[in-house]
Amino acid sequence: MTLSRRNFLRTAALATLAFPALVRARNLNSQLQIAAVGTEAKGFDDIKEIGSHPKAKYVGFCDIDAARFARAEAKYPGVARFADFREMYAKLGDTFDAVSVSTPDHMHALPTMMAMRLGKHVYCQKPLTHTVWEARQLRLQAAKSKVRTQMGNQIHSAAEYRTGVKLIQTGRIGKILAVHTWHPNTGNRYTNMTAAPASAPVPAGVSWDLWLGCSPTREFAPDVYHPFKWRDWVDFGSGTMGDFGCHLLDPVFTALKLGNPIYVKAESVGANAQTWCREQTIEWLFPGTEYTKGDTLKVTWYDGGRLPDLALAQMPAGKKFVAAGSIFIGELGVMMLPHVGMPQLFPEAKFGKNLNPGELARRARAKDKPTDQVAVSLADYVEGSSHYHAWVDAALGGHETSDNFAYAGPLTEAVQLGNVASRFSGVKLEWDVANLKFPGKPEAEALLTKEYRKGWELVAADK
216 MTLSRRNFLR TAALATLAFP ALVRARNLNS QLQIAAVGTE AKGFDDIKEI
266 GSHPKAKYVG FCDIDAARFA RAEAKYPGVA RFADFREMYA KLGDTFDAVS
316 VSTPDHMHAL PTMMAMRLGK HVYCQKPLTH TVWEARQLRL QAAKSKVRTQ
366 MGNQIHSAAE YRTGVKLIQT GRIGKILAVH TWHPNTGNRY TNMTAAPASA
416 PVPAGVSWDL WLGCSPTREF APDVYHPFKW RDWVDFGSGT MGDFGCHLLD
466 PVFTALKLGN PIYVKAESVG ANAQTWCREQ TIEWLFPGTE YTKGDTLKVT
516 WYDGGRLPDL ALAQMPAGKK FVAAGSIFIG ELGVMMLPHV GMPQLFPEAK
566 FGKNLNPGEL ARRARAKDKP TDQVAVSLAD YVEGSSHYHA WVDAALGGHE
616 TSDNFAYAGP LTEAVQLGNV ASRFSGVKLE WDVANLKFPG KPEAEALLTK
666 EYRKGWELVA ADK
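In the numbering used here, the protein residues as written are 216 to 678.
And the structure:
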């Protein structure tokens with residue numbers, strides 16, 4: 216079937232009129248019928264985890280590579296398969312209620328926006344979008360369409376981050392003075408490339424034009440873009456900031472209830488028109504909140520081997536930072552929150568010893584009541600839950616998730632503002648959040664959005 220953009224938009228408009236708030240009455244106490252865009256790697260993880268909910272049912276799988284349906288087909292046999300998500304949406308019509316989107320960053324926004332306009336609930340992998348403007352549009356459209364949404368930064372719902380959030384919000388280290396967050400970005404492969412690589416024939420079964428989607432046309436190159444080396448390329452990914460910013464900054468935003476920054480500034484090395492930078496330090500200044508000290512709060516990000524000053528953590532001699540994580544500097548002490556690790560409080564002379572994550576989890580399961588003084592006790596521990604199941608439950612029950620686009624949109628905007636700043640090293644970019652502008656910096660302002668390939672344009676959110 217060949218689906219023109221005009222016909223698809225007509226189909227979308229009709230579907231939106233017919234199902235303005237989805238068919239939630241039918242889904243309540245029954246199954247959520249789901250279509251998945253992206254079926255391998257993280258896409259398969261999402262399919263598997265969402266599908267483990269007893270009320271989730273798959274009715275469509277979409278992937279631009281015919282070889283990448285195998286695992287999804289084996290686990291959920293007989294589900295209709297498509298190469299083009301637009302065709303899948305049109306053919307499935309009102310027989311699907313929700314969509315999971317797990318594609319390269321450049322193609323997060325379009326299938327998500329089209330699904331919401333059809334009244335479908337959406338689970339979209341992080342970063343929510345490829346640009347600041349896209350994040351704003353998805354947030355606005357989610358509110359307009361009244362659908363249930365979730366961004367795929369799964370640790371948001373895990374015990375580690377929930378426990379860290381509780382410690383901050385209950386004042387264990389007092390009001391927060393500053394936050395420092397870091398990641399080593401050791402997985403970056405192509406940050407030194409300043410030109411497109413040599414081209415090669417497209418493999419059989421791969422729809423390269425569909426993979427490119429809204430990005431500018433370029434030739435296929437083996438072992439570079441598809442299936443999973445696209446993240447360093449400006450046209451397709453969002454670099455280390457996009458890969459891990461929505462994870463590591465999530466407990467910072469959640470615990471401190473941060474909103475939009477006042478300014479963003481970066482010191483970066485290696486940024487070019489083709490690939491993201493090799494290393495960077497990014498700082499955002501945010502308005503203060505009930506959990507911070509003073510009128511403003513500075514949050515600083517480090518990657519590529521850069522780290523904050525170790526002395527800030529007040530850790531015992533010889534102890535190092537975890538590989539990736541954050542330190543919250545408080546009036547009364549410091550909390551170090553590892554990426555996928557239990558929080559630790561310092562100095563230990565004040566808070567007690569820090570249990571390793573396994574020991575804390577063991578004590579929590581056994582409901583132990585230890586007599587030793589520990590920094591993070593069982594009373595502090597918050598049980599985790601399935602991020603995926605929370606979305607299915609919200610779609611069926613008509614309630615919101617805590618990581619919906621109203622929250623994930625501003626978080627993603629801040630992350631992508633950092634990426635814009637990385638391309639203007641040393642320049643402070645004042646942020647006019649209401650008008651999506653950097654006053655007096657038109658060259659930076661131009662990177663808040665991108666040019667869409669003809670036929671693949673993202674239409675702004677409905678008014």
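C-beta: ideal position from N, C-alpha, C; glycine also. Keep in mind that this is a model prediction, so the values were computed, not measured.
Check                                                                                                                                                                                       : Outcome
Arginine 296 and phenylalanine 259 - do their beta-carbons sit closer together than 7 Å?                                                                                                    : no
Considering only residues of the stretch 585 to 645, which uninterrupted alpha helix (DSSP H) runs meet the minimum length of 4 residues and lie entirely inside it, listed in chain order? : 602 to 612 and 620 to 637
Do you know whose CA, among Ser317, Tyr506 and Val484, lies nearest threonine 254's CA?                                                                                                     : Ser317
Is it buried or exposed for aspartate 524, if we count other Cβ within 10 angstroms and need 16 for buried?                                                                                 : exposed
Taking only the alpha-carbon atoms, compute the straight-line gap between proline 531 and isoleucine 383 and give it to the nearest angstrom.                                               : 21 Å
Could you tell me whether the Cβ atoms of lysine 341 and valine 314 are closer together than 7 Å?                                                                                           : no
Short check: CB of valine 185 to CB of threonine 469, under 7 Å?                                                                                                                            : Because the chain here runs from 216 to 678, residue 185 falls outside it and cannot be looked at.
Name, in chain order, the residues that DSSP records as bridge partners for arginine 206.                                                                                                   : Residue 206 lies beyond the stretch modelled for the chain, which goes from 216 to 678, so this question has no answer here.
On the DSSP bridge list, what partners appear for serine 315?                                                                                                                               : Ala251 and Tyr338
So if DSSP puts tyrosine 478 in a beta bridge, which residue, or which two residues, is it bridged to?                                                                                      : Leu500 and Glu645
Count the other C-beta atoms from every protein chain shown that fall within 10 angstroms of the C-beta of phenylalanine 443, then say buried if there are 16 or more, exposed otherwise.   : exposed
Express the C-alpha separation of alanine 358 and proline 476 in angstroms, rounding to a whole number.                                                                                     : 22 Å
Quick one: Cα of alanine 649 to Cα of alanine 281, how far?                                                                                                                                 : 43 Å
Taking only the alpha-carbon atoms, compute the straight-line gap between threonine 664 and glycine 485 and give it to the nearest angstrom.                                                : 21 Å
Answer yes or no: do tryptophan 646 and tyrosine 405 have a C-beta to C-beta separation smaller than 7 Å?                                                                                   : no
Give me whichever residues DSSP pairs with tyrosine 517 in a beta bridge.                                                                                                                   : Trp397 and Thr496
Pop quiz: leucine 247 and aspartate 312 are said to be a contact at Cβ under 8 Å. What is the actual Cβ separation, rounded to whole angstroms?                                             : 5 Å
Between histidine 393 and leucine 333, what straight-line distance do the alpha-carbon atoms span, to the nearest angstrom?                                                                 : In the sequence as presented, histidine is not what sits at residue 393; that position holds alanine. Distance between the alpha carbons of alanine 393 and leucine 333: 42 Å.
Given that a residue counts as buried once 16 or more other Cβ atoms are within 10 Å of its Cβ, and exposed if not, what is glutamine 588?                                                  : exposed
Is it buried or exposed for leucine 547, if we count other Cβ within 10 angstroms and need 16 for buried?                                                                                   : exposed
Could you spell out where the beta strand (DSSP E) holding proline 553 opens and where it closes?                                                                                           : 549 to 553
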